[in-house]
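Comments concern the structure below.
Residue numbers (mature numbering (1 follows the signal peptide of the UniProt record, and there is no 0)): -26 to -1, 1 to 459.
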């Protein structure tokens, strides 16, 4: 996956740059922010314009256990009080530009201002944000990704926003399970949902068609096609096998199809040294790499961008990745974009499952925006604005967080996205079947899965030996009390 998604290096980067190792809470290698004193409230100017309330949705019925039934809270604009909003740069400028436009409009109507800034999606940007948190001067609102949401919650830096989120959660068919797992802890919401980021298989449909193939229904067909279509430098499957982030995604997505998982619903470690699902999956990976040779030999040394580059340079038939690959093709190789289709994982004995991660907006306790910041968060969840933002404006960049919004023609009538209903309806986050708490964050940022792939494909250990090493390392991580929060 390309550098635009380098947010998944967030935790490891901060550990190195801030010079401290976190032995706790959702981030593994993230440096622990120094607790900062609560700021004094900024006095509001005497003159008070007539407030324009943030949009309040129709009350929802029958909330789920984590969607606490509540009326939208009464929020009073504080005239002249500035709200600071930071958003990391996305490869699609509209992703952030439209949010800025929305927030500026709401702020103007309510008689206050915002300071809106896009910060780099790289180590420099992460360093700046972490320094602000440590100094007790974070932005009021900051875009969070995947397990960052739980990390900052565990550090006590983000605000419980259940009262803001609850009235919206059952709108439009309710939110997808990955959204709930990412945003909640013990039934409370610690971020507002922003978007679901899918990991489809980018597939050279033209090459499948020329060979008379359909997308493989299962792993047996996958191997057969791979052996037919692999003609170096063209390889069938761009699977990342190095000590890097994408290895986590690619491996866990396969494990699910065999019935395996990393965590149980209570957050305990699910995998054991004799886990048949994991052993069968590892045996398949080793066979595809060593015997079938349908995975590029250099993939054991790949970084997160190499599978992107392999597909973009027409050296891969398929690879799993967010749509950064496809959007690059639209701008740089439109003819290859036309030959590309999206699919979910081939089925294993347990079926096929989509892979997603979830983006959120966090409200930071030490921000100074007060109710003004809360008004802005509510505005981003307004179903009318949100559905237009995701489906009409961004046109497939993200899957909407609310289920019924995928009934839009974009998802139902566009051939490119024909598989997206399957991807999201079966979609899982990497930490499945529990929220991405401390143990998962440490495992992911220490690349323990990558170590297992190195054992399997470089050192050529047996699947059982490689899994035993992995389980031993994982058990040490899960045994830490601080990793359960």
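Yeah, the Cβ is synthetic: ideal placement off N, Cα and C, and Gly gets one too.
For residue 63, the three-state secondary structure derived from DSSP is coil.
With contacts defined by Cβ atoms closer than 9 Å, residue 376 and residue 145 form a contacting pair. With the rule of 3 Cβ pairs closer than 8 Å, the segment 440 to 447 does not count as touching the segment 399 to 412. Short of 7 Å from the beta carbon of residue 341, and not among the five residues preceding or following it, lie these beta carbons of its own chain, in chain order: 58, 112, 113, 114, 347. When only Cα atoms are considered, residue 270 and residue 133 end up about 45 Å apart. Residue 298: member of the alpha helix (DSSP H) spanning 298 to 306, first to last residue. Note on the segment 267 to 346: whole alpha helix (DSSP H) runs with a minimum of 4 residues are 280 to 286, 298 to 306, 308 to 312, in chain order. Rounded to whole angstroms, the separation of the alpha carbons of residue 152 and residue 337 is 20 Å. For residue 408, no beta strand (DSSP E) encloses it, and the DSSP letter there is neither H nor E. Taking residue 215 as reference, the option from 350, 203, 276, 47 with the minimal CA-CA separation is 276.
Excluding sequence positions up to five before and after residue 421, its CB lies within less than 6 Å of the CB of 217, all in the same chain and listed in chain order. For residue 91, the enclosing beta strand (DSSP E) starts and ends at 88 to 93. Contact between residue 200 and residue 268 is confirmed by a C-beta separation of about 3 Å, below the 8 Å threshold. By the neighbour-count definition (other C-beta atoms within 10 Å, threshold 16), residue 221 is a buried residue. When beta bridges are read from the DSSP output, residue 432 appears opposite no residue. Beta-bridge analysis with DSSP links residue 175 to 294, 317. Contact between the segment 170 to 178 and the segment 296 to 315 is present, with at least three C-beta pairs closer than 8 Å. Closest option to residue 333, judged by alpha-carbon separation, among 85, 321, 418, 373: 373. Per DSSP, the continuous alpha helix (DSSP H) segment holding residue 100 begins and ends at 97 to 108. Here residue 156 carries a helix assignment [DSSP, helix/strand/coil]. For residue 361, the closest C-alpha among the options 381, 331, 343 is that of 381.
For residue 360, the enclosing alpha helix (DSSP H) covers residues 357 to 361. A residue is called buried when at least 16 other Cβ atoms come within 10 angstroms of its Cβ; residue 418 meets this threshold and is buried. A direct Cα-to-Cα measurement between residue 82 and residue 355 gives close to 18 Å. The Cβ atoms of residue 294 and residue 173 sit closer than 9 Å to each other. In this structure, 331 is the residue among 265, 331, 278 with its C-alpha nearest to the C-alpha of residue 120. The residue among 190, 353, 388 with its C-alpha nearest the C-alpha of residue 79 is 353.
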